[in-house]
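Read in order, the letters of the first sequence correspond to residues -9 to 95 in the numbering used here.
Glycine included, each C-beta is placed from N, C-alpha and C at the ideal position.
These numbers come from a predicted model, not from an experiment.
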Amino acid sequence: MELNPEHPAYTISVVAQLLGLHEQTIRQYERLGLIAPCRTIRKTRLYSQNDIERLECINYLVKTCGVNLSGVKIVITLSCQHPEIELLLKTRRFHPQDLEGPTQV
DNA sequence: CTTCTAACA
DNA sequence: TGTTAGGA
C-alpha cells in the first residue's frame, strides 16, 4: 500500500471518471496552472492523492462558490500561504457569506 | 495516451 | 469564459 499522498497513482482518464470531469477540462486546468501532475517518461500525467483533492477543491470553488478559473488560481495560491483558508477549502466551508464584506466606512 | 484548434452556451 | 468535440 502506498500511504504517501504525493505518490503518483492515477491516469487522467481515471481521474476524469472519478470526479466526473472531462479529460480536456482537467488538461485545461493544468494549462492554466491550477494543477501540476507529474509526468511519466512518455509524458502521460499521473495524479497523486493530493492532486485529486486539489481538483476537488477546484470543482468546489467553481460549482459551489461560483469562482471562475482566474479566481480559483488566486484562491488556491493564497490558501497555500494561509493554513486557516486552506482548511476552509479542504473542509468545503469556504462560504463567502461567512466572511466579512468590504470594510464599511 | 498527447497537444492543438474550433465551436458552443 | 469555460467546457466539449475532433483531428493529428
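Cβ pair residue i, residue j closer than 8 Å
| i | j | result |
| --- | --- | --- |
| residue 79 | residue 24 | no |
| residue 4 | residue 45 | no |
| residue 11 | residue 63 | no |
Residue i versus residue j: straight-line alpha-carbon distance, rounded
| i | j | result |
| --- | --- | --- |
| residue 33 | residue 9 | 22 Å |
| residue -7 | residue 42 | 14 Å |
| residue 65 | residue -9 | 33 Å |
| residue 51 | residue -4 | 22 Å |
| residue 18 | residue 57 | 16 Å |
| residue 76 | residue 69 | 5 Å |
| residue 89 | residue 48 | Low local confidence applies: a pLDDT of 49 at residue 89 is under 50, so the model's placement there is unreliable, with the coordinate-based value given in what follows. C-alpha separation (whole angstroms): 19 Å. |
| residue 97 | residue 20 | Because the chain here runs from -9 to 95, residue 97 falls outside it and cannot be looked at. |
Residues near residue i in its chain [Cβ-Cβ closer than 8 Å; skip 5 each side]
| i | result |
| --- | --- |
| residue 36 | -2, -1, 0, 1, 27, 28, 29, 30 |
| residue 82 | 50, 54 |
| residue 40 | -5, -4 |
Cutoff 7 Å; reference residue i; Cβ partners in own chain excluding five residues on either side
| i | result |
| --- | --- |
| residue 84 | 55, 78 |
| residue 73 | none |
Exercise for the section: Only counting runs of 4 or more residues, tell me where the alpha helix (DSSP H) segments fall wholly within the segment 8 to 34, in order along the chain. Expected result: Unbroken alpha helix (DSSP H) runs of no fewer than 4 residues, entirely contained in the segment 8 to 34, are found at 13 to 21, following chain order.
Problem - Those runs of the alpha helix (DSSP H) which lie wholly inside the segment 39 to 93 and span at least 4 residues - result: DSSP assignment within the segment 39 to 93 yields the following whole alpha helix (DSSP H) runs of 4 residues or more, N-terminal first: 39 to 49, 59 to 69, 73 to 80.
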